[in-house]
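The sequence shown runs -21 to -1, 1 to 127 under mature numbering (1 follows the signal peptide of the UniProt record, and there is no 0).
A virtual CB, placed ideally from N, CA and C, is assigned to each residue, including glycine.
All figures in this text were calculated on a predicted structure; none of them were measured in a lab.
Here is the structure we will look at, set down as structure tokens.
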Amino acid sequence: MKRSLILLPLFLIACAGFVPYQTEWKTEKKGDVFHAVINGKASEKAISVGSIGMKISTCTQAVQILSTSQTITKQLVDNEKESLGVSELNHLSRLISNYKIQPELLICQSTSPKSFFGSSEWETCQCLYAVPYPGGRKQLKEDIANSK
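Rendered as structure tokens:
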């Protein structure tokens, strides 16, 4: 019983490290900014080598590749609880790419659990991007309505 009481705090500390980022709209000085969460995975080579530096690099590179206009568009639409067909989504994607929105990488973190028997840190990760939509959330809703 004593041993369990000692191991419990260690287990809780090990599990408490990861708090997922939230996909949401935030009001900032420059107006409404969409915060998009994108998940990635380190390369198999980086994982097999076990290099934290390689895992961080390849995981964040994977997220960078996934942070395309199409991915961001889908998150914007999903966040508004809207459903668009493929052609409507493509129309909205073209409109958004005309805005030349540049998602800004804010922060990344490992989503992999830490282990006492070897680290799996940075095998998977998530990054938070700020997406300054011109005209904010109100304009996005209008753009979605015009795409239908």
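Query: Kindly indicate which residue of Glu83, Ser99, Cys104, Lys79 has the alpha-carbon position closest to the one of Thr90.; Result: Cys104
Query: Could you check where the alpha helix (DSSP H) with Ser76 kicks off and where it finishes?; Result: 65 to 77
Query: How is Arg(-19) classed by DSSP in three states: helix, strand or coil?; Result: Residue placement at Arg(-19) cannot be trusted, given a pLDDT of 47 that sits under 50; what the coordinates show is reported in the next sentence. Helix at Arg(-19).
Query: According to DSSP, simplified to helix, strand and coil, what is Gln81?; Result: coil
Query: Verify whether the separation of the beta carbon atoms of Ala15 and Ser46 is less than 9 Å.; Result: yes
Query: How should Glu102 be labelled, buried or exposed, when 16 other C-beta atoms within 10 angstroms of its C-beta is the threshold for buried?; Result: buried
Query: Between the beta-carbon of Pro111 and the beta-carbon of Val42, is there less than 9 Å?; Result: no
Query: So, with DSSP's three-state summary, where would you put Ala(-8)?; Result: Per-residue confidence for Ala(-8) stands at a pLDDT of 45, beneath the threshold of 50, marking its modelled position as unreliable; the derived number appears in the next sentence. Three-state DSSP puts Ala(-8) in a helix.
Query: Note the first and the last residue of the continuous alpha helix (DSSP H) segment covering Gln118.; Result: 115 to 126
Query: Can you name, in chain order, every residue of its own chain whose Cβ lies under 7 Å from the Cβ of Asp122, other than the five neighbours on each side?; Result: Leu71, Leu74
Query: So, are the CB atoms of Thr52 and Leu68 less than 9 Å apart?; Result: yes
Query: Expressed to the nearest angstrom, what Euclidean distance is found between the alpha-carbon atoms of Gly10 and Gly29?; Result: 42 Å
Query: Whose C-alpha, out of Lys8, Thr37, Ile31, Gly32, is nearest the C-alpha of Tyr22?; Result: Just to set this straight, residue 22 is Ser in the shown sequence, not Tyr. Comparing Cα-Cα distances from Ser22 to each of Lys8, Thr37, Ile31, Gly32, the minimum goes to Thr37.
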